[in-house]
Amino acid sequence: MTKEYATDFTTKELLASFIAHQVRDGERVAVGAGLHVPRAGILLAHLLYCPNVRLYVVMTFTNLIKEPKMEPFYTVTDFRPAKWAEAYVLHDDFQENPRLVSDMFVVGALQIDKYGNSNLIGVGKDYRRLDFRGPGAVGTLSMAHYVDRYYLYVQSHDRRIFVEQCDFISTIGWGEGGADGRRKLGIPGNGPVYCITPLCIMDFEPISKRMRLKSVHPGVTVDQVVENTGFELIVPESVPETEPPTIREIRTLRERIDVEGMLRRS
Amino acid sequence: MIPERKSLIIDERQAAAMIRDGMTIAIGGFINSSHPMAIVRQIIRRGVKDLTVIGPASGGLDLDLLIGAGCVKKLVTAYMGGEHYCPIAPLFRVAAERGEIQVWECDEGMYYCALRAAAQGLPFTPWKAGIGTSFPQVNPDLKVFTDPINGEPLLAVPAIKPEIALIYAAHADPYGNVQHIGTGFGDRALWRAAGKTIVQVEKIIPNEEIRKNPLATSIYGADAIVRAPYGSHPFAAPGYYIEDEEHIREYVAAANAYAKKGDRRPFEAYLHKYIMEPETHADYLDVVGIKRLISLHEY
Chain A
1 MTKEYATDFT
11 TKELLASFIA
21 HQVRDGERVA
31 VGAGLHVPRA
41 GILLAHLLYC
51 PNVRLYVVMT
61 FTNLIKEPKM
71 EPFYTVTDFR
81 PAKWAEAYVL
91 HDDFQENPRL
101 VSDMFVVGAL
111 QIDKYGNSNL
121 IGVGKDYRRL
131 DFRGPGAVGT
141 LSMAHYVDRY
151 YLYVQSHDRR
161 IFVEQCDFIS
171 TIGWGEGGAD
181 GRRKLGIPGN
191 GPVYCITPLC
201 IMDFEPISKR
211 MRLKSVHPGV
221 TVDQVVENTG
231 FELIVPESVP
241 ETEPPTIREI
251 RTLRERIDVE
261 GMLRRS
Chain G
267 MIPERKSLII
277 DERQAAAMIR
287 DGMTIAIGGF
297 INSSHPMAIV
307 RQIIRRGVKD
317 LTVIGPASGG
327 LDLDLLIGAG
337 CVKKLVTAYM
347 GGEHYCPIAP
357 LFRVAAERGE
367 IQVWECDEGM
377 YYCALRAAAQ
387 GLPFTPWKAG
397 IGTSFPQVNP
407 DLKVFTDPIN
417 GEPLLAVPAI
427 KPEIALIYAA
437 HADPYGNVQH
447 IGTGFGDRAL
457 WRAAGKTIVQ
467 VEKIIPNEEI
477 RKNPLATSIY
487 GADAIVRAPY
497 GSHPFAAPGY
507 YIEDEEHIRE
517 YVAAANAYAK
527 KGDRRPFEAY
537 LHKYIMEPET
547 HADYLDVVGI
557 KRLISLHEY
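Residue numbers (this note's numbering), protein chains in the order written: chain A, 1 to 266; chain G, 267 to 565.
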């Protein structure tokens, strides 16, 4: 069956569709609240493709397959979605086994280097006098260590974020590179798989584990990505356009998940 | 004569009076929910200084307020912000950039390791995540050592023991049996690690109510109970009220005036209006107003 692609969609909806295709049925998947796009993408995967995922939503586990419409929640402490709970997650159990919380994870960052190492601590050379103090690592470091794989997600794409070297590393990607970059450090898991930005999708070249351009979003040129990336990006000879969302995905997003239209605003 | 079971109920002023300059305290909840704000505001009113504050695993604007009011010397948490209200807590950011506070840099996994070691009376908990990162460099308390079993590098996360933990929950009886509504976030970990635990509750309920559902008892043996209705305001209280969005935005605007433009007057005005001027928690609720408070229902 050929896919019926949508023609009218925003970049955020495109990215939600891309993220939806990263989820595998039966997995445990943490749904954050603050990042609207990953939240929508994971819920989209659940409603259309992965009826058996266990969603970690605002400190509860649940399955929302029969929920006609998601009421919006913007914080991980909003108690209202707890009406869906099948189980409570005591947050201190996190340390007992972070793997129980999620099989995949989305990590945000202030800085990302060419091996997908990332920084949420702050920007500046001297830790005691940072030029810009970040929010802190949250649970990203431990989650990224224990999950099967993770995805880097940033809301802008420029040379301040994509840097030759992070001032500090709060979450390890491929370390100093190479397919054994993580194993050398004794770190399990498959590490960062894709880096998702408003301009493009990037993956990691299998031998060097250096970041490589995978696809550009409609209206974005390869040059534009290269210009806005502060390290040397691997650019294959032909770079396709990011696969658009289907009509069904857009309809599901707008009617059941993103009813308040967060993804339709720029 | 039959001995009587002792009531542990105190008020927020008696609770805050137990917090002295230079102490290590913990404050429970999670980002925008479940903070013992009646006690926190009273600590600010008393002008307590040089506190080492262990926040929740992810801290919120209650800690930002304490930093802005000058009570904090050192902060232990893995995140400081208000999610969509402000991605990075404003007064925390400037205080950390200027070196006015020390940050015990960690992630949520390491944070619980430190509390677990304290609870178990161990010097440290080993943790794997963090090897290869900047954490041992920016937080010298974290030591890389060689695992004696497999010979691989591991991180030793040292114990951090709160002298007093201040926790918010929905209900307690007068004898220190506490029942949260919702998960209680990481509050149990603070209780297990702390020397003493003071729990501020929405409502005091009879011991008979506790016995109807002992499985719901999250903390058995708090050292003191403070009753403060709407006591987590402006933050949420599961089962009672949602966060006061308008009030939080008012705080963020005041804090940002200082953090972004160097104008401290709006933050000072906030402190004056909501903390220094009202003498008690009840006076604070008067300033916020009953109409606003009862508009914050969950459904």
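From the three backbone atoms N, C-alpha and C, an ideal C-beta is built for every residue, glycine too.
Neighbours of SER170 (chain A) across chain G, judged by C-beta separation under 8 Å: ASP373, THR399, SER400, PHE401. LEU152 (chain A) has a beta carbon lying at 8 Å or more from every beta carbon in chain G. In the DSSP annotation of this structure, ASN522 (chain G) is not part of any beta strand (DSSP E); the continuous alpha helix (DSSP H) holding it starts and ends at 511-527. When A:LEU233, A:PRO51, A:ALA40, A:LEU100 are compared, the shortest CA-CA separation from ASN63 (chain A) is found for A:PRO51.
At least one C-beta of chain G is nearer than 8 Å to the C-beta of HIS145 (chain A). By a beta-carbon distance limit of 8 Å, ASP453 (chain G) does not contact ILE476 (chain G). Their separation comes to about 17 Å. Here ALA459 (chain G) is not near PRO500 (chain G), since their CB atoms are 8 Å or more apart. For TYR378 (chain G), the residues of chain A that pass the 7 Å Cβ criterion are ASP92, PHE94, GLN95, in the order they occur in the chain.
Beta-bridge partners of SER215 (chain A) (DSSP): A:ILE201.
Going by beta carbons, LEU233 (chain A) and MET262 (chain A) fall outside the 8 Å limit.
For GLN22 (chain A), the three-state secondary structure derived from DSSP is coil. Around GLY505 (chain G), the beta-carbon contacts reaching into chain A at under 8 Å are PHE79.
Secondary structure note for TRP457 (chain G): its alpha helix (DSSP H) is the uninterrupted segment 453-459. Of all alpha-carbon atoms in A:LEU44, A:ARG28, A:THR60, the one lying nearest the alpha-carbon of TRP84 (chain A) is that of A:THR60.
For TYR345 (chain G), the residues of chain A that pass the 8 Å Cβ criterion are PRO135, GLY136, ALA137, VAL138, in the order they occur in the chain. Burial state of VAL216 (chain A) is buried, judged by a 10 Å Cβ sphere holding 16 or more other Cβ atoms. For HIS538 (chain G), there is no enclosing beta strand (DSSP E), as DSSP gives it neither H nor E.
Straight-line measurement puts the Cα of LEU15 (chain A) at about 21 Å from the Cα of ASP113 (chain A).
Flagged as an interface residue toward chain G: PRO98 (chain A), by a C-beta distance shorter than 8 Å.
Shown here, LEU559 (chain G) sits in a helix according to DSSP, grouped into three states.
When CB distances to chain A are screened at a threshold of 9 Å, the residues of the stretch 317-328 of chain G falling below it are PRO322, ALA323, SER324, GLY325, GLY326, in chain order. Here ASN416 (chain G) is exposed. Its C-beta has fewer than 16 other C-beta atoms within 10 Å. Counting only Cβ-Cβ distances below 8 Å, ASN443 (chain G) has no contacts in chain A at all, with the closest Cβ about 18 Å away. Around the C-beta of PRO81 (chain A), 16 or more other C-beta atoms lie within 10 Å, and the residue is accordingly described as buried. Under a 10 Å Cβ-count criterion, ASN119 (chain A) is classified as buried, with 16 or more other Cβ atoms of the shown protein chains found around its own Cβ.
For THR343 (chain G), the uninterrupted beta strand (DSSP E) segment begins and ends at 338-343. With respect to ALA384 (chain G), ALA425 (chain G) sits close: the two C-beta atoms are nearer than 8 Å. Closest in alpha carbon position to ILE65 (chain A), among A:TYR74, A:PHE132, A:LEU43, A:THR229, is A:LEU43.
Annotation: PHE162 (chain A) to TYR151 (chain A) spans about 15 Å, alpha carbon to alpha carbon. The C-beta of ILE268 (chain G) has fewer than 16 other C-beta atoms within 10 Å across all chains shown, which makes the residue exposed. Less than 8 Å divides the Cβ of ALA494 (chain G) from the Cβ of GLU278 (chain G).
Chain-ordered listing is empty here: chain G has no CB closer than 9 Å to the CB of MET104 (chain A), the nearest sitting near 16 Å.
The beta-carbon of ASN298 (chain G) is placed less than 8 Å from the nearest beta-carbon of chain A.
Contact annotation, LEU141 (chain A) with ASP373 (chain G): C-beta distance approximately 4 Å; criterion of less than 8 Å satisfied.
Residue contact check for ARG183 (chain A) against chain G: no CB pair falls below 8 Å. The beta carbon of ALA323 (chain G) is closer than 8 Å to those of PHE296, THR343, ALA344, TYR345, GLU374, TYR377, TYR378, PHE451, GLY452 in its chain, skipping five residues each way along the sequence.
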